[in-house]
Amino acid sequence: MEAVVLRQFGSAENLRLETVPVPRPGKGEVLLKVHACGVCYHDVINRRGNLPRTHVPAILGHEAAGEVVEVGPDTVGWKVGDRAATLQRMSCGECALCLSGRNSLCKTDNRFFGEELQGGYAQFMVAPVRGLGRVPSDLPWAVAATVCCTLGTAVHTLRTRAKVKAGETVLITGASGGVGLAAVQLAKVDGARVIAITSGEAKVAALKEAGADEVIVSRGLDFGSEARKRTQGQGVDVAVEIVGSATFDQTLKAMAPGGRVVVVGNLESGVVNLNPGLVIVKELEILGAYATTREELDESLRLTAKGLIRPFVSEEVALADASRAHFRLENREVAGRLVLVPPAA
Ligand SMILES: [Zn+2]
Ligand SMILES: [Zn+2]
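Letter by letter, the sequence shown follows residues 1 to 345 in UniProt numbering.
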């Protein structure tokens, strides 16, 4: 099969198309013919070598959708022809954390697609069925591939972690990416007022179209004060921190007393200086949000199928162009999601 193989961590050019053997499904696994795989900033971080659980050679990609073409031994519930999309990571479904709904914290099985498990930058991939959600028949493959990591992440972040209520103000950094555009729309569906932060003037229109009430172009700007200005000095109730270290300081400045910051991305893998005094006097809550659960994926597929949330697949590109896709994402040339499409097998 054709696959994009990373043999050495580093720049985008290290992603090269190769011919490799088709993997075989084991117990509890299926073989998927990949129809689409989203390109996520997580993949860029992975490619640079910043995710310690990935070992090269590696095939990246945790946003895959495809049809089952082979079922491994002792694998129940799935048959050839079923349509599936991957969750980002596995969970055992049986430990205390899983049983309390905290599947993204499961330690019994914490394998991640594109890290310990082969990812979807390939014509075929093996997937444990515990890591799969079912794709409705009318949903296009490219949309199905990206729902989990975009809207699924937004559902996990805004509903499960931040518990956003109608009437609250939600600030979103990195708002013009795939997660950001989903979060903007979901916050509006849930009755919040949205202040979107983006790095470029070119992305303002997409954010307005997604429903953002305010858009702040942040490059070189103190968006913390600007957000306070646009909330009559009150600050925001919830912040979705998608950029991470580069914007964290300004995000903290934007918070209203009692505000909740949910950290879901850290694009440059950097660290932050935090003034504990600010957290104390405002009684801020700083929360993390990691992976989407199957229930959150199902809810996301439902919201998408009902047309309540518009998917932002900006472009479908050939699998062979993975390197170029990474380059464009790193250079902030992408609004929404780029999706790789493997050649028909
Ligand atoms: Zn992703
Ligand atoms: Zn578990």
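Glycine included, each C-beta is placed from N, C-alpha and C at the ideal position. Remember, it's a predicted structure, so these values are computed and weren't measured experimentally.
Take residue 129 as the anchor and find which of 224, 18, 57, 27 has the nearest alpha-carbon. As a first step, residue 129 is located in the sequence shown; it is residue number 129 there, counting from the start. Checking every option, the nearest Cα to that of residue 129 belongs to 27.
Helix, strand or coil for residue 86 per DSSP? Taking the sequence shown and counting its residues from 1, one reaches residue 86 at position 86. Residue state, collapsed to three classes: strand.
Go ahead and pull the three-state DSSP assignment for residue 37. Taking the sequence shown and counting its residues from 1, one reaches residue 37 at position 37. In the three-state reduction of the DSSP assignment, residue 37 falls in the strand class.
Residue from 61, 81, 252 with nearest C-alpha to residue 5: In the sequence shown, residue 5 corresponds to position 5, counting from 1. If you compare the alpha carbons of 61, 81, 252 with that of residue 5, the shortest gap goes to 61.
What residues are listed by DSSP as bridge partners for residue 347? The structure shown does not extend to residue 347, since the chain spans only 1 to 345, so no value can be given for it.
Can you list, in chain order, the stretches of the alpha helix (DSSP H) that have 4 or more residues and sit fully within the region 132 to 188? With a minimum length of 4 residues, the continuous alpha helix (DSSP H) runs that stay inside the region 132 to 188 are 141 to 147, 151 to 154.
With respect to the alpha helix (DSSP H) encompassing residue 292, which residues constitute its N-terminal and C-terminal limits? Taking the first residue of the sequence shown as position 1, residue 292 is located at position 292. First-last for residue 292: undefined, no H or E at that position.
Residue 118 versus 56, 82, 143, 146, residue with shortest Cα-Cα distance: For the purposes of this step, residue 118 is taken as the residue at position 118 of the sequence shown. Considering only alpha carbons, the answer is 56.
Can we count residue 37 as close to ligand 2, meaning its CB is less than 6 Å from some heavy atom? Numbered from 1 along the sequence shown, position 37 holds the residue referred to as residue 37. No, Cβ of residue 37 sits at least 6 Å from all heavy atoms of ligand 2.
Local conformation of residue 113 per DSSP, three classes: Translated into the one-based positions of the sequence shown, residue 113 becomes position 113. Three-state DSSP puts residue 113 in a strand.
Coil, strand or helix - residue 317 by DSSP: The residue you call residue 317 lines up with position 317 of the sequence shown. The three-state reading of DSSP puts residue 317 in strand, counting E and B together.
Closer than 6 Å by C-beta to residue 263: which residues in its own chain qualify, once you throw out the five before and the five after it? Chain order, please. As a first step, residue 263 is located in the sequence shown; it is residue number 263 there, counting from the start. Around residue 263: 241, 288.
Can you tell me whether DSSP reads residue 252 as helix, strand or coil? In the sequence shown, residue 252 corresponds to position 252, counting from 1. Looking at residue 252 - three-state DSSP - the assignment turns out to be helix.
So is residue 13 in contact with chain B if we call contact Cβ pairs under 7 Å? No chain B is present in this structure, which holds just one protein chain.
Do residue 40 and ligand 1 come close, with the Cβ less than 6 Å from some heavy atom? Numbered from its first residue, the sequence shown carries residue 40 at position 40. In this structure, residue 40 has its beta carbon less than 6 Å from a heavy atom of ligand 1.
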